[in-house]
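Take a look at the structure below.
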Amino acid sequence: MLLVKIIKNIFNEKLKYFGTSQCKVSVLIPAYNHELYVEETVRSIWDQNYQNFEIVAVDDASGDDTFAILEGLRKISPIPMRVYKNEVNRGPAFTLNRAASMASGDLFIPFSSDDLFLPGRIERQVDILKNNSDLYILYCNGHGLDDSTNTRKGVCHTPHAIELLQKDAKDVYLYLITHKNCIFVHTSMIRRSLFEAVGGYDETMLAEDWSLNVKIFRYLSALPDKHHAFCDEPVFEYRVHAAQNSRNDKRQLESKWRMIERYTPDHLKLQASNNIILGHLDAPWCRLTDTERAEQLIKLVRFHASLGEWSSVLRLCSRYVRLYPDNEDLRFLKTAAENHVHSNTDAAPH
Numbered sequence: 001m002l003l004v005k006i007i008k009n010i011f012n013e014k015l016k017y018f019g020t021s022q023c024k025v026s027v028l029i030p031a032y033n034h035e036l037y038v039e040e041t042v043r044s045i046w047d048q049n050y051q052n053f054e055i056v057a058v059d060d061a062s063g064d065d066t067f068a069i070l071e072g073l074r075k076i077s078p079i080p081m082r083v084y085k086n087e088v089n090r091g092p093a094f095t096l097n098r099a100a101s102m103a104s105g106d107l108f109i110p111f112s113s114d115d116l117f118l119p120g121r122i123e124r125q126v127d128i129l130k131n132n133s134d135l136y137i138l139y140c141n142g143h144g145l146d147d148s149t150n151t152r153k154g155v156c157h158t159p160h161a162i163e164l165l166q167k168d169a170k171d172v173y174l175y176l177i178t179h180k181n182c183i184f185v186h187t188s189m190i191r192r193s194l195f196e197a198v199g200g201y202d203e204t205m206l207a208e209d210w211s212l213n214v215k216i217f218r219y220l221s222a223l224p225d226k227h228h229a230f231c232d233e234p235v236f237e238y239r240v241h242a243a244q245n246s247r248n249d250k251r252q253l254e255s256k257w258r259m260i261e262r263y264t265p266d267h268l269k270l271q272a273s274n275n276i277i278l279g280h281l282d283a284p285w286c287r288l289t290d291t292e293r294a295e296q297l298i299k300l301v302r303f304h305a306s307l308g309e310w311s312s313v314l315r316l317c318s319r320y321v322r323l324y325p326d327n328e329d330l331r332f333l334k335t336a337a338e339n340h341v342h343s344n345t346d347a348a349p350h
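Under full-length UniProt numbering, the sequence shown has 70 at position 70, and the numbering climbs by one with no breaks.
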């Protein structure tokens with residue numbers, strides 16, 4: 001895999017157009033109830049110094065004026081722009097796949113209808129991919145954008161995520177199936193051939209970006225001649241506002257459970273559930289009520305029991321029964337775990 005410092009050197013070279021040989025780029029936008037933001041998003045994409053690119057926007061049956069705004073923008077767009085609308089709400093994964101199927105570009109940028117491109121993004125990312133034929137996906141960085149103050153707020157990829165993205169594809173894949181996602185797909189430019197090879201987005205998942213990352217790094221792990229790379233340069237602004245689904249604890253946990261159940265191999269499910277689910281429940285930012293937290297803990301305990309990990313069941317129950325002494329499910333599971341652990345101990349050879 002190319003080193004970040006090499007990528008930076010390429011970024012710092014004088015950028016150039018490729019004339020009629022420019023790779024065509026398709027910006028894929030799934031739009032849903034973003035009438036307040038979508039025009040600013042589209043205009044930030046228009047404001048690029050690259051020539052050969054298009055916007056493919058699909059409205060996911062919004063209940064506001066998002067589609068009408070997109071249609072109005074399409075009519076005055078200085079670049080090719082196509083707008084479609086789902087008849088019923090299908091979710092971002094389906095909507096992104098639909099946009100990809102209608103795109104004509106060789107390179108994809110999956111995006112959103114409330115975030116912003118930074119100037120020069122397309123040209124810089126194309127320059128790197130065009131000069132490195134073994135690269136199939138390029139991740140970059142971005143800034144958070146506080147919607148209430150319109151000021152920048154940190155970066156998308158933390159030092160931990162940057163360190164991860166400099167590792168081999170196998171190491172990234174192993175991390176993503178045992179820890180929560182920390183890699184922003186919206187910073188990436190993906191070769192169409194890679195997107196199609198992994199089957200696009202998994203439409204059964206709520207965490208569409210996470211599952212796409214897993215599929216990409218699983219695929220790259222098996223192909224030593226195809227690589228990913230990271231460049232620590234900002235290419236977009238990620239809007240942080242109250243309406244985002246990513247800030248809903250219950251939805252986050254549901255998406256995390258689905259990821260573990262579908263993508264984590266059985267022998268890693270214990271590790272993954274502790275890192276991802278228990279890590280979420282213990283986090284200071286978790287806003288679940290006591291009842292909701294207890295429900296998730298019981299689900300986690302039952303999950304460990306289904307794996308036959310009775311020692312883990314006992315540790316969890318012993319820890320949390322003190323916090324929820326009146327919870328009969330926890331007390332019952334603790335007793336069952338004690339019986340399993342003790343019976344296994346008695347049966348062990350001395």
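Just so you know, even glycine gets a beta-carbon here, dropped at the ideal spot from N, CA and C.
Proximity winner among the options, relative to residue i (alpha-carbon distances)
i	options	result
Arg192	Leu129, Val185, Phe108	Phe108
Trp310	Thr335, Gln51, Leu176, Thr151	Thr335
Asp171	Arg218, Ala207, Thr204	Arg218
Asn141	Asp147, Asn150, Thr149, Leu116	Leu116
Ile260	Ile128, Asn274, Ile69, Arg90	Asn274
Ser188	Lys299, Arg319, Ala229, Pro224	Ala229
Arg331	His342, Ile298, Gly72	Ile298
Arg90	Ala31, Glu196, Lys130	Ala31
Gly63	Leu36, Trp46, Ile79	Leu36
Leu270	Leu316, Thr149, Ser255	Leu316
Leu212	Tyr84, Phe94, Pro78, Leu307	Phe94
Asp225	Leu194, Glu328, Asp209	Leu194
Asp47	Met205, Ile79, Thr66	Ile79
Ile216	Arg121, Asn150, Ile190	Ile190
Leu176	Ser255, Glu203, Ala272	Ala272
Beta-carbon proximity of residue i to residue j, cut-off 8 Å
i	j	result
Pro110	Val185	yes
Arg239	Leu118	no
Ser104	Ile29	no
Tyr201	Leu96	yes
Asn52	Cys23	yes
Ala294	Leu333	no
Val88	Ala61	yes
Asp147	His241	yes
Leu174	Tyr139	no
Ala207	Asn181	yes
Val38	Ala99	no
Leu288	Asp249	yes
Glu123	Met81	no
Gln296	Ile277	yes
Leu220	Ala169	yes
Three-way DSSP call (helix, strand, coil) for residue i in this model
i	result
Ile10	Residue placement at Ile10 cannot be trusted, given a pLDDT of 45 that sits under 50; the coordinates are not used to answer.
Arg287	coil
Ile216	helix
Lys153	strand
Arg98	helix
Lys299	helix
Gln111	A small correction: the amino acid at residue 111 is Phe; Gln does not occupy that position in the sequence shown. Coil.
Cys317	helix
Pro119	coil
His186	helix
Ala337	helix
Glu203	coil
Asn141	strand
Pro30	strand
Leu70	helix
His227	strand
Gly19	Only weak support is given to the placement of Gly19: the predicted model assigns it a pLDDT of 37, under 50, and the question is left unresolved by the model.
Ala169	helix
Tyr324	coil
Pro265	coil
Inter-residue Cα distance where the pair is residue i and residue j
i	j	result
Pro92	Ile76	26 Å
Arg74	Val58	12 Å
Leu15	Asp127	Interpretation of Leu15 is limited by its pLDDT of 38, a score under 50 that renders its predicted location unreliable; the figure taken from the coordinates is listed afterwards. Using only the alpha carbons, I get a separation of about 7 Å.
Arg258	Val301	16 Å
Leu268	Thr178	7 Å
Gly303	Leu70	The amino acid occupying residue 303 in the given sequence is Phe; Gly does not appear at that position. One C-alpha to the other measures close to 45 Å.
Leu323	Gln125	51 Å
Asp106	Val25	6 Å
Val27	Ser101	12 Å
Ile183	Gly154	15 Å
Thr291	Tyr320	13 Å
Gly279	Cys286	10 Å
Glu338	Leu314	6 Å
Ser312	Asp266	15 Å
His143	Cys156	6 Å
Asp65	Tyr84	14 Å
Arg152	Trp210	24 Å
Ser343	Ser318	18 Å
Glu328	Gly308	21 Å
Ser255	Ala283	17 Å
Leu281	Val214	23 Å
The segment 127-138 in contact with the segment 155-170 per 3-pair CB rule at 8 Å: At 8 Å Cβ cutoff, the stretches do not touch.
Inter-stretch contact (C-beta, 8 Å, three-pair minimum) for the segment 224-235 and the segment 33-48: Counting Cβ pairs under 8 Å, fewer than three are found: no touch.
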